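Enquirer: With positions in the sequence shown counted from 1, the corresponding number in our numbering is that position plus 278.
We put the CB at the ideal spot given by N, CA and C, even for glycine.
Computed from a prediction, not measured in an experiment: that's the story for all the values here.
Pasting a structure below so you can have a look.
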Amino acid sequence: MTSIYTSYMGEDIVEQEDEIISVGQLNQQAKKLLENQFRGVAVIGEISNIARPTSGHIYFTLKDEDGAIRCAMFRNQNLRLNFDPQNGDQCVLKGQVSLYAPRGDYQLIVSSMQPAGAGNLMQQFERLKKKLDAEGLFAQEIKKQIPPQPKHIGII
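Next up, the structure:
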């Protein structure tokens with residue numbers, strides 16, 4: 279056990295007798311807690327940022343209006359899918375929450391996925407695109423050419 283004393287104006291105000299652990303140990307303990315608590319969880323949300331590397335895995339973000347979680351569906355699981363998930367799809371996922379200890383990121387390891395219709399966020403985005411298009415904001419004739427050597431760049 280290691281003792282840590284915190285001093286404020288010459289007075290010891292906190293004494294800690296807890297074991298000091300490394301970041302890696304903390305992440306491993308958090309991983310065990312998450313995996314034991316969230317085993318076989320079902321989650322509904324909208325797929326975004328889908329990526330399909332050559333490994334055959336599928337990586338994506340599942341989100342709703344209140345949050346987002348990274349997801350991984352490994353090749354042996356996604357070969358069983360009876361549909362091709364796309365950005366904007368609303369889906370019900372079953373899986374296990376895990377923590378990738380080297381980065382401290384938690385994610386959902388997906389064991390199965392079922393479609394649940396079109397996602398609300400994608401529908402809102404498409405409605406906004408249609409509205410802006412109707413206002414002519416995507417018209418080619420109002421777009422400005424980018425000069426070969428821009429002098430100023432604005433970031434919004």
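From the DSSP output, read off the bridge partner residues of Glu324.
Expert: Lys341 and Gln368
Enquirer: Closer than 8 angstroms is the cut-off here; do at least three beta carbon pairs connect the segment 306-325 with the segment 368-386?
Expert: yes
Enquirer: Under a Cβ-count criterion, where at least 16 other Cβ atoms within 10 Å of its own Cβ denotes burial, should Leu311 be classed as buried or exposed?
Expert: exposed
Enquirer: According to DSSP, is Asp411 helix, strand or coil?
Expert: helix
Enquirer: Does DSSP put Gln423 in a helix, a strand or coil?
Expert: coil
Enquirer: Straight-line CA distance for Pro425 to Gly432?
Expert: 14 angstroms
Enquirer: Measure from the alpha carbon of Pro363 to the alpha carbon of each residue in Lys341, Ile325 and Tyr378, then state which is nearest.
Expert: Ile325
Enquirer: Flag this pair as yes or no: are the beta carbons of Gln374 and Leu359 separated by less than 9 angstroms?
Expert: no
Enquirer: So Arg348 and Thr339 are in contact, right, with Cβ under 8 angstroms, and what is the actual spacing, rounded?
Expert: 6 angstroms
Enquirer: Could you have a look at Arg348 and say whether DSSP puts it in helix, strand or coil?
Expert: strand
Enquirer: Between the Cα of Ala350 and the Cα atoms of Glu343, Arg330, Arg381 and Asn365, which residue gives the shortest distance?
Expert: Arg330
Enquirer: With DSSP as the reference, please indicate the residues paired to Leu377 in a beta bridge.
Expert: The partner list for Leu377 (beta bridge, DSSP) reads Tyr384.
Enquirer: Closest by CA to Tyr337, which one among Asp344, Ile298 and Val388?
Expert: Val388
Enquirer: What did DSSP end up calling Ala417 once you bin it into helix, strand or coil?
Expert: coil
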